[in-house]
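**Student:** Line by line, the protein sequences are chains A and B.
1 is the number of the first residue of the first sequence in this note's numbering; add one for each residue after it.
1001 is the number of the first residue of the second sequence in this note's numbering; add one for each residue after it.
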Amino acid sequence: MTIDQFLLMKNEILLIAIAVIVLIIDLMTDNKKILFPVMIILFIFTTVIGFIYQTDGELFGGMYRSTPLINMMKNILNTGVLIILLQSAGWLINKAENHENIGGFCFILISSLAGMCFMISSGDFLMFYLGLELATIPIAALVAYEKMKFLSAEAGTKFILSAVLSSGILLYGISILYGTNGSILFKDLNNSVEITNLQALAFIFILSGIAFKISLVPFHLWTADVYEGAPVNITSFLSSISKAASVFILLILLFTVFINFSEIWNELLVYLSILTMTIGNLFAIRQQNLKRFLAFSSIAQAGFIPLGFIGGTSLGASTVLYFLLIYVFSNLGAFGVVSVVTSATGKESMNDYNGFYKTNRGLSIVMMLSLFSLAGIPPVAGFFSKFFLFTIAAKQGYYFLLFIAVINATISLYYYLLVVKAMFINENEQPIEKITSDVYAKLGLAICVLGIVFTGLFGIIFDYINTLSKGI
Amino acid sequence: MLIPLLIIPTITIFLILVCRSHKQVKVVSAAGMALQLIYSIYVLIEYLNLRSLGNIEEMLFVQSYQWFESFNIYFTVGLDGISASLAVLTAIVTFSGVLATWGLEYRVKEFFISLIVLSTGVYGFFISLDLFTMFMFYELAVIPMYLLIGIWGSGKKEYSAMKLTLMLMGASAVLLVGIIGLYANSGSGDNLTYNILELAKLNLPLDVQKFLFPLIFVGFGVLGALFPLHTWSPDGHSSAPTAVSMLHAGVLMKMGGYGCLRVAMYLLPEAANELGWIFIVLTTISVVYGAFGAIVQKDLKYINAYSSVSHCGLVLFAILMSNKISLNGSVIQMISHGLMTALFFALIGMIYERTHTRDINLMGGLMKTIPFLSVSYMIAGFASLGLPGLSGFVAEMTIFVGAFQYSDTFHRTATIIACASIVITAVYILRVVGKLLLGPVENKDYLTFRDAFWNERAVAVILIIAIAGIGIAPLWLSDMITNSLNPIILKLRSF
């Protein structure tokens, strides 16, 4: 193995290095204050390297693949995790009970990200499964991070149980696939997979396993409780990064291994999409807790993603990537504001946000932009990504699906406006007092806002992603 | 040539952001919008110059920039007589809207930013030649409405704001399906396009047209207060602050008419011929229903909101009649109604600031106390009921002459019913004028009122000059519009 080949894994290697360094510093010093800035600098370095240094190749006989498209996916994840780390600074540093565990928190989060990177780089099902588990299991620990809180502990248990169940189903699917084809390498499967009853069953199992992670309806039942119980930053991690990574691997699997199944998954995804959008929306309308509200809205958002898969075109793939890139920015923007407010005041209910604009102008505007982006209002980026997803569906002639989708987009606008209304219009005797967020949180929110505003307006970003996904 | 129409408001917004006092914000907004008005008149003059030099291209000043290569989306702007006149209308109404809000003291910066974002959306909409950007600007114009009504409105503002936003966004969702449908059917492989001029060259199959036409017509029609989807309009208008009512009734509702004409009729002419009758029935109901609605209302703003439903219904009615004269009338009606309704809402705002009520039964004799505003109100009223010499007469006359060109029973009946609205309009306008302006002074406090301030005078004078100008010399306008209508007529008549 030459150094060039080794560097194909540069992202994973760097991540693991950071994780180890964090652990070492954590053990060596008592002053936890240095830990965080060091880690952030290292992480920014990794993220930037990811954008600059492009790799293309295979390792371990095709078990590990790296293409420009996969690099792009990793970059999206890296950026997202960077934002989350910045946003969790206030919660970690200022709270005494978390302060001791900064090292642990960062270590687990970064390992999970490394797992995701291995997962989307995988060239066979073994690597895929290992990556998936590495991505999932550490997160259970973080969900139950506030172990003294009943809800958090409960959420951790729920999460690990449902994650294990979904992994089991997935593994069953993989084993059937191996049994019928005699290989788990994507390259081999690509040619040998065909529509037989057994293999269709295997496909359904694998799809359900991944749908669990994306929390598509009807595999979403764990989502609301876990999202509510987990600390805000973990919720934002689960609802954006974890979801995005699962969508990426689903994209790769559908477009490579299961491309012969496209008739089956086209139909299946249409139904999943309709169910997810509608049910996610209907639940989101009634939520009063802002975290739970964002959780359900993120289920509804996930329902739009399958629109891009329909037809199996590379343009569709790039639209999905683009949608997720923007979704990560918008969702993290919204969660970032909630995180800042929660860690400063502990308030999470929508009524607490009444009159928020009066005292916290900047935060309200960030929140409004993020919500508008989620709702798909121009000129912020969400409009473009949704529009393109709709275009993909219409190009394949799925007008019925398109109708359901646009109706759902309108419904979702209603509840996003409810939050805007609370912040800007509703009167409140005692609004949340002025919050001065720390520099990390500000930086995190600034990245989100830049992403929300400019990713859409610069069409060149989409075209760049599209050139990458030609070689999927 | 056209890009500054979008850049001037954007720069104005940035300048407002750095302003320190309320006064500065107002001055900057007014200056920016005045510049915009001057520039759009300059564009209009340049346009007329080029035309008089014999330039017969369909669109002038076309500029095109690639935006999303993968979807073949361009940022394309261009101008013909219809959009040029509507852009000037927008500039006039926005400028007078800014002047009419001079007394605002609550969240001034935010108000003017939202207002200017809204007007940017409208300019962008009128000059777009690409359905993607057109749709984008449409939504951009609708969403600030929510904040403008919700924060600065009056009455049941939250309900109205939500109702208006959701109905218009719902309509835009339907429209979106139509637009994407057009795109998906505009070619094969990678040659799909959103460009209106290229789409107009296609001959889409009839069944595709029949599927898309209702979507697009309803999508835009809701903004033009198409019965029975007009219900957002009375609530929205009555709750909105003065400048927003002016812009909304004056300009935003015209986007509906313009969209129906430019997209639904122009790009889907065959379906328009086949399915037009359904919408003729609906718009006829709009016209008469709106007028009757205005008769029974007591609130000044509601009266004008319903009268807007009626007049905008007339715009759509004339568009559906689809001959040269009626289409011409529809565009003149858009402009005329835009001006006079802006004047109406501005005056209502000014009167309300003095009397603190909009109930016409509680007021009376205003002519004695605030003669300037009263006379302006009367002029707006006369324009609305179609008095010769003012713009309303030209518009309605042209529309009905056009509509009478058809001799079959269906069109005749619809035309006669719609014509009846003129009489009903006269009833409610004269009733309001009689109750509000004439008669004895109801309340002693009214004697202490001050007549119009400088900014109020300016608003009224600008709008009245425009209304009377069109009324007295309509020919240059109708010539300009007729020339631009030719391609549309050609498409409509080819079936």
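Ideal Cβ placement from N, Cα and C applies to all residues, glycine included.
Since this is a predicted model, take the numbers as computed values, not measurements.
Strictly under 8 Å for the Cβ-Cβ distance: is residue 378 (chain A) near chain B by that measure?
**Tutor:** Here the question's residue 378 (chain A) lines up with position 378 in the first sequence. At least one chain B Cβ lies under 8 Å of residue 378 (chain A).
**Student:** Around the C-beta of residue 57 (chain A), are 16 or more other C-beta atoms found within 10 angstroms, so that it is buried, or is it exposed?
**Tutor:** Here residue 57 (chain A) is taken as the residue at index 57 of the first sequence, counted from 1. Exposed, since its Cβ has fewer than 16 Cβ neighbours within 10 Å.
**Student:** Give me the chain B residues within the contact set of residue 394 (chain A), using Cβ-Cβ distance strictly less than 8 Å, ordered along the chain.
**Tutor:** Walking along the first sequence from the start, residue 394 (chain A) turns up at place 394. 1177, 1180, 1181, 1183 and 1184, listed in chain order.
**Student:** Taking 7 Å as the line, does the beta carbon of residue 1083 (chain B) fall inside it for any heavy atom of the ligand NAD?
**Tutor:** Of the ligands one can find in the structure shown there are none, so the ligand NAD has no counterpart to examine.
**Student:** So, does the region 1108-1119 of chain B touch the region 1132-1148 of chain B, judging by three or more C-beta pairs under 8 Å?
**Tutor:** The region 1108-1119 of chain B is in contact with the region 1132-1148 of chain B.
**Student:** Considering only residues of the same chain and omitting the five flanking positions on each side of residue 1019 (chain B), which have a CB-CB separation below 8 Å?
**Tutor:** Translated into the one-based positions of the second sequence, residue 1019 (chain B) becomes position 19. 1025, 1028 and 1109, listed in sequence order.
**Student:** Would you kindly report the start and end of the unbroken alpha helix (DSSP H) that includes residue 1092 (chain B)?
**Tutor:** Here residue 1092 (chain B) refers to the residue found at position 92 when the second sequence is read from its first residue. Run containing residue 1092 (chain B): 1081-1100, per the alpha helix (DSSP H) assignment.
**Student:** Short check: CB of residue 1455 (chain B) to CB of residue 1152 (chain B), under 8 Å?
**Tutor:** By one-based count along the second sequence, residue 1455 (chain B) stands at place 455. By one-based count along the second sequence, residue 1152 (chain B) stands at place 152. In this structure, residue 1152 (chain B) does not lie closer than 8 Å to residue 1455 (chain B) by Cβ.
**Student:** Considering only C-alpha positions, which residue in the set A:420, A:225, A:79 and A:302 is nearest to residue 43 (chain A)?
**Tutor:** For the purposes of this step, residue 43 (chain A) is identified with residue 43 of the first sequence, where counting begins at 1. The option with the nearest alpha carbon to residue 43 (chain A) is A:79.
**Student:** With 8 Å set as the bound, which would you pick, yes or no: does the beta-carbon of residue 1150 (chain B) sit closer than that to a beta-carbon of chain A?
**Tutor:** The residue given as residue 1150 (chain B) occupies position 150 in the second sequence. Yes, its Cβ sits closer than 8 Å to a Cβ of chain A.
**Student:** What's the call for residue 1301 (chain B), buried or exposed, on a 16-neighbour Cβ count within 10 Å?
**Tutor:** Within the second sequence, numbered from 1, the residue matching residue 1301 (chain B) stands at position 301. Buried.
**Student:** Distance cutoff 8 Å, beta carbons only. Does residue 95 (chain A) sit that close to anything in chain B?
**Tutor:** The sequence position of residue 95 (chain A) within the first sequence is 95, counting from 1. So, not an interface residue.
**Student:** Against chain A, which members of the region 1058-1078 of chain B pass a CB distance test of less than 8 Å?
**Tutor:** The residues in question are 1066, 1067, 1068, 1069, 1070, 1071 and 1073.
**Student:** What are the residues in the region 421-436 of chain A lying within 9 Å of chain B by C-beta distance?
**Tutor:** So the list reads 421, 424, 425 and 426, given in the order they occur along the chain.
**Student:** Using a Cβ cut-off of 8 Å, which residues of the region 247-280 of chain A contact any Cβ in chain B, in chain order?
**Tutor:** The region 247-280 of chain A vs chain B, Cβ under 8 Å: nothing.
**Student:** Along the region 398-416 of chain A, where does the CB come closer than 8 Å to a CB of chain B? Name the residues.
**Tutor:** Residues passing the 8 Å Cβ filter: 399, 402, 403, 406, 407, 409, 410, 413 and 414.
**Student:** Got a sec? Which residues, its chain only, sit under 7 Å from residue 224 (chain A) by beta carbon, not counting five neighbours each side?
**Tutor:** Start at 1 with the first residue of the first sequence, and residue 224 (chain A) comes out as number 224. Here the set comprises 292, 295 and 296.
**Student:** Cutting at 7 Å between CB atoms, please list the residues of its own chain near residue 1287 (chain B), excluding the five before and the five after it.
**Tutor:** Here residue 1287 (chain B) is taken as the residue at index 287 of the second sequence, counted from 1. The residues are 1310, 1313, 1314, 1317, 1418 and 1421.
**Student:** List the whole-angstrom C-beta distance separating residue 1416 (chain B) from residue 1295 (chain B), where the pair is believed to meet the contact cut-off of C-beta under 8 Å.
**Tutor:** Position 416 of the second sequence, counted from the start, is the residue given in the question as residue 1416 (chain B). Position 295 of the second sequence, counted from the start, is the residue given in the question as residue 1295 (chain B). Not quite, the Cβ-Cβ distance comes to about 19 Å (not below 8 Å), so this is no contact.
**Student:** State the start and end residues of the unbroken alpha helix (DSSP H) segment that holds residue 36 (chain A).
**Tutor:** For this step, residue 36 (chain A) is matched to residue 36 along the first sequence. Residue 36 (chain A) -> alpha helix (DSSP H) spans 32-52.
**Student:** Within 10 angstroms of its Cβ, does residue 91 (chain A) collect 16 or more other Cβ (buried), or is it exposed?
**Tutor:** Here residue 91 (chain A) refers to the residue found at position 91 when the first sequence is read from its first residue. Residue 91 (chain A) should be labelled buried.
**Student:** Kindly identify the DSSP beta-bridge partner or partners of residue 289 (chain A).
**Tutor:** Taking the first sequence and counting its residues from 1, one reaches residue 289 (chain A) at position 289. In the DSSP output, where bridge partners are listed per residue, residue 289 (chain A) has A:349.
**Student:** Verify the CB distance criterion: does residue 1221 (chain B) have a CB-CB separation below 8 Å to chain A?
**Tutor:** Position 221 of the second sequence holds residue 1221 (chain B). Not closer than 8 Å to any Cβ of chain A, the Cβ of residue 1221 (chain B) fails to qualify, so no.
**Student:** Where do the ends of the alpha helix (DSSP H) carrying residue 152 (chain A) lie?
**Tutor:** For this step, residue 152 (chain A) is matched to residue 152 along the first sequence. Counting along the chain, the alpha helix (DSSP H) containing residue 152 (chain A) begins and ends at 150-181.
**Student:** Anything in chain B within Cβ reach of residue 459 (chain A), meaning under 8 Å, just list it in chain order.
**Tutor:** If you number the first sequence from 1, residue 459 (chain A) lands on position 459. Within 8 Å Cβ-Cβ: 1066, 1067, 1068, 1069 and 1073.
**Student:** Could you give the DSSP three-state label for residue 327 (chain A): helix, strand or coil?
**Tutor:** In the first sequence, the residue the question calls residue 327 (chain A) occupies position 327. Helix, per DSSP.
**Student:** Return the CA-CA distance between residue 113 (chain A) and residue 339 (chain A), expressed in angstroms with no decimal places.
**Tutor:** Against the first sequence, residue 113 (chain A) aligns to sequence position 113. Against the first sequence, residue 339 (chain A) aligns to sequence position 339. Those two C-alpha atoms are separated by around 20 Å.
**Student:** Could you spell out the range, first to last residue, of the alpha helix (DSSP H) harbouring residue 1457 (chain B)?
**Tutor:** Here the question's residue 1457 (chain B) lines up with position 457 in the second sequence. From DSSP, the alpha helix (DSSP H) with residue 1457 (chain B) extends over 1454-1472.
**Student:** Should residue 136 (chain A) go down as buried or exposed, given a rule of 16 or more other Cβ atoms within 10 Å for buried?
**Tutor:** If you number the first sequence from 1, residue 136 (chain A) lands on position 136. So residue 136 (chain A) ends up on the buried side.
**Student:** Is the separation between the beta-carbon of residue 470 (chain A) and that of residue 314 (chain A) shorter than 8 Å?
**Tutor:** Position 470 of the first sequence, counted from the first residue, corresponds to residue 470 (chain A). Position 314 of the first sequence, counted from the first residue, corresponds to residue 314 (chain A). Contact: yes.
**Student:** Taking 8 Å as the CB-CB limit, is residue 360 (chain A) close to chain B?
**Tutor:** In the first sequence, the residue the question calls residue 360 (chain A) occupies position 360. Output row for residue 360 (chain A): interface = no.
**Student:** Kindly indicate if chain A contains any beta-carbon less than 8 Å away from that of residue 1170 (chain B).
**Tutor:** Reading the second sequence from its first residue, position 170 is the one you call residue 1170 (chain B). Taking Cβ atoms only, chain A reaches closer than 8 Å to residue 1170 (chain B), which makes this a yes.
**Student:** Excluding five sequence neighbours on each side, which residues of the same chain lie with their C-beta closer than 8 Å to the C-beta of residue 1434 (chain B)?
**Tutor:** The count along the second sequence starts at 1 and reaches residue 1434 (chain B) at position 434. There are no such residues.
**Student:** Please state the DSSP three-state secondary structure of residue 65 (chain A).
**Tutor:** Taking the first sequence and counting its residues from 1, one reaches residue 65 (chain A) at position 65. Strand at residue 65 (chain A).
**Student:** At the level of alpha carbons, what is the spacing between residue 1127 (chain B) and residue 325 (chain A)?
**Tutor:** One-based indexing of the second sequence puts residue 1127 (chain B) at position 127. One-based indexing of the first sequence puts residue 325 (chain A) at position 325. Approximately 31 Å, taken between the alpha carbons.
**Student:** For residue 1195 (chain B), which residues in the same chain have their Cβ closer than 7 Å to its Cβ, ignoring the five residues on either side in sequence?
**Tutor:** By 1-based counting over the second sequence, the position of residue 1195 (chain B) is 195. The answer, listed in chain order, is 1074, 1076, 1129 and 1130.
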